[in-house]
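Protein chains in written order, with this note's numbering: chain A, 194 to 426; chain B, 947 to 1353. Using N, Cα and C, we set each Cβ at its ideal position, and we do this for glycine too. From a predicted model like this one, the values you see are computed outputs, not experimental measurements. Heads up: the structure comes next, in structure tokens.
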């Protein structure tokens, strides 16, 4: 089955020097080599200063520019893992370089529409909900919402480049590695905050088009982040 | 009529574990065994308890599960429908009769580190020990609704995040076994140290922890930490009846009636301790401390050097400030109360103890024993100000009265 890994870390206040940037990239490449075909997708995210939040849904979208919380820990990347069970997914998460200084959330996916086009000029729309308002997959309300998302993807055409709904936050697990020891916690990394319960990948020309398309997404809040296009996945 | 509760309690865990392996889904397993028990309540008083009660339960549960899967498979959109095909494919060739590893598999799944420790505990008590949600709620001093929701969420996580129902592969055992042992020890500490819940439930938790620790030893014969855990719970539990007086106040070890300690449990605990030699986890030194107390003819003749050494080892393993504070008391008996107070000074300001009420009563006790009554009184009052459970406060109030009283 497939798991969505959300990478979370504090954003550097100043851009890292080329040397440590190269070292960081090398760590990720080593992880990609080791994990091999278990990685089904993923990329780094551009800094949250360039992010956009859209609230209010398609009927009355309100757009706010990032960053949203200076110095806070934010999503910095994602993966889609193919793994036999949670133990395998956690073993992959443990090896993600970010786990050593930030955290990796592992969310079971309800289904997966893989990206059909390359990720080089794409944005990710993270669908955020208050944890208390997340619907349970399989319920009529959830099925109704899933149908709305399918309609969004159909309406967006080529600009919708894959995505997936996620199981509720109580099924997520947070992985951190500190001092060589793997620390697992039940649930998302930041308790009580809005949680991702799905995402769409958008294949768009620029930021304006990304906002236009993301405004059509039926979600309480959409956090729109540009993909760095560096993963080569 | 035969005591059906006893039969149920004995057969529940193995039946749920067998059905879980057979169906691959613990919710299906739990519901089916629950239905089989309901059926037994109807049939057994009429027909008598079958000779192989466990086999009867498992067979009826399997039939109920198959009925349910048949119903669910023609009801599209139901949550269970998604797993029905998987279960049917699996059950076609799986044997439902319990096998020895079933219960171990359940122990590892319930104590999976991706589940919150309290959820691990609640799940273990429900699925392995067969306590009802209401009993678990009383044991954990939580509302029935909260415990019910916690268990449901944990089961949903196991199903949807696909936590495997298995004994982990050998290379993962060093990381995973401590979670199983720690979960069993939590069952014990909830029963033994929590002094607030109803005593019947607490007795049941202590008994269940002793049973689970014994099972863990039987299922993982080479696991020395399991032997150490079994030794620890047996040796501590040998004092269960003497640690609280008729009025509900804690009775300190030096005032307990050693003649009422459970000699059978002590003997079994010491046997386990022999098998635990070489264990590397936190249970062996704690079991050594418990054994030193259990075998001492009197408080005065307690082997304090051994206890101090065991505390040193425990601190090496856990870096626990609580162990350091308790070690200070042992040092007091080995080297004199001034030395004990000096050892306590080294840990008293540890920020990890800031919110606990560990150091103050120990300091008060050392001062009292050193004859420094006024200072002892001051520290007993500080300890009272810091809260704590009813029986512990009751005991400290008694000490305050002793310090004030004529002497």
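Closer than 8 Å to chain B by CB, residue 308 of chain A: no
Cα-Cα separation between residue 335 of chain A and residue 328 of chain A, rounded to whole angstroms: 6 Å
Start and end residues, beta strand (DSSP E) containing residue 393 of chain A: 388 to 396
Simplified DSSP assignment, three categories, for residue 371 of chain A: strand
Where residue 1194 of chain B falls, given that 16 or more other Cβ within 10 Å makes a residue buried: exposed
Chain A contacts made by the region 1049 to 1082 of chain B, where a contact means CB separation under 7 Å: Along the region 1049 to 1082 of chain B, the positions whose C-beta sits under 7 Å from a C-beta of chain A are 1059, 1060, 1061, 1062 and 1065, read in chain order.
Helix, strand or coil at residue 379 of chain A [DSSP, three-state]: Strand.
CB contact check: residue 1263 of chain B to chain A, cutoff 8 Å: no
Residue 1223 of chain B versus B:1213, B:1214 and B:1234, residue with shortest Cα-Cα distance: B:1234
Min CB distance residue 301 of chain A to chain B below 8 Å: yes
Touch test, the region 232 to 239 of chain A against the region 267 to 285 of chain A, Cβ-Cβ under 8 Å, three pairs minimum: Flag = yes, the region 232 to 239 of chain A and the region 267 to 285 of chain A touch.
Near-chain A residues of the region 1087 to 1114 of chain B - C-beta to any C-beta below 8 Å: Here the close residues are 1099, 1102, 1103, 1106, 1107, 1108, 1109, 1110 and 1114.
Selection from A:251, A:208 and A:212 that minimises the alpha carbon distance to residue 414 of chain A: A:251
Per-residue burial, residue 1103 of chain B [other beta carbons within 10 Å of its own, 16 or more giving buried]: buried
For residue 197 of chain A, the residue or residues it bridges with in DSSP: Checking the DSSP bridge columns, you'll see residue 197 of chain A partnered with A:273 and A:300.
Inter-residue spacing [alpha-carbon to alpha-carbon] between residue 359 of chain A and residue 1005 of chain B: 37 Å
Proximal residues of chain B, C-beta to C-beta of residue 390 of chain A below 8 Å: In chain B, no part has a C-beta under 8 Å from the C-beta of residue 390 of chain A; the shortest such distance is about 13 Å.
Within 8 Å, strictly: CB atoms of residue 965 of chain B and residue 1050 of chain B: no
Cβ-based burial, residue 988 of chain B [other Cβ within 10 Å; buried from 16]: exposed
Contact between the region 241 to 261 of chain A and the region 959 to 978 of chain B (3+ Cβ pairs under 8 Å): no
Integer Cβ distance of residue 160 of chain A from residue 306 of chain A, believed to fall under 8 Å: Because residue 160 of chain A is not part of the residues shown, which for chain A are 194 to 426, the question remains open.
Close Cβ partners of residue 1276 of chain B (< 7 Å) along its chain, the five nearest in sequence each way excluded: 1250, 1253, 1254 and 1257
Reference residue 419 of chain A; option with closest CA among A:398, A:361 and A:410: Of the listed residues, the one whose Cα sits closest to residue 419 of chain A is A:398.
Environment of residue 265 of chain A [buried if 16+ CB atoms lie within 10 Å]: exposed
Residues that DSSP places opposite residue 318 of chain A in a beta bridge: The partner list for residue 318 of chain A (beta bridge, DSSP) reads A:393 and A:417.
Where residue 194 of chain A meets chain B, residues with beta-carbon distance less than 7 Å: 1108, listed in chain order.
Cut-off 7 Å between Cβ atoms - residues of its own chain near residue 258 of chain A, not counting five sequence neighbours on either side: 245
Rounded Cβ spacing between residue 1196 of chain B and residue 1186 of chain B (contact assumed at less than 8 Å): Contact doesn't hold; Cβ gap of about 13 Å is too wide.
Segment contact flag, the region 401 to 409 of chain A with the region 338 to 349 of chain A, C-beta cutoff 8 Å, min 3 pairs: Verdict: yes, contact present.
Spatially closest choice to residue 339 of chain A from A:354, A:217, A:391 and A:285, by CA coordinates: Selected option, being the one with the closest Cα: A:391.
Given residue 1048 of chain B as reference, the closest of B:1246, B:1009 and B:957 once Cα atoms are compared: B:957
Inter-residue Cα distance where the pair is residue 216 of chain A and residue 373 of chain A: 19 Å
Test: residue 393 of chain A CB closer than 8 Å to a CB of chain B: By this cut-off, residue 393 of chain A is not an interface position.
Terminal residues of the beta strand (DSSP E) in which residue 217 of chain A lies: Here residue 217 of chain A belongs to no beta strand (DSSP E); instead the alpha helix (DSSP H) covers 211 to 228.
N-terminal and C-terminal residue of the beta strand (DSSP E) that residue 235 of chain A is part of: 232 to 237
Sequence-distant residues of its chain with Cβ nearer than 8 Å to residue 364 of chain A (five each side left out): 300 and 301
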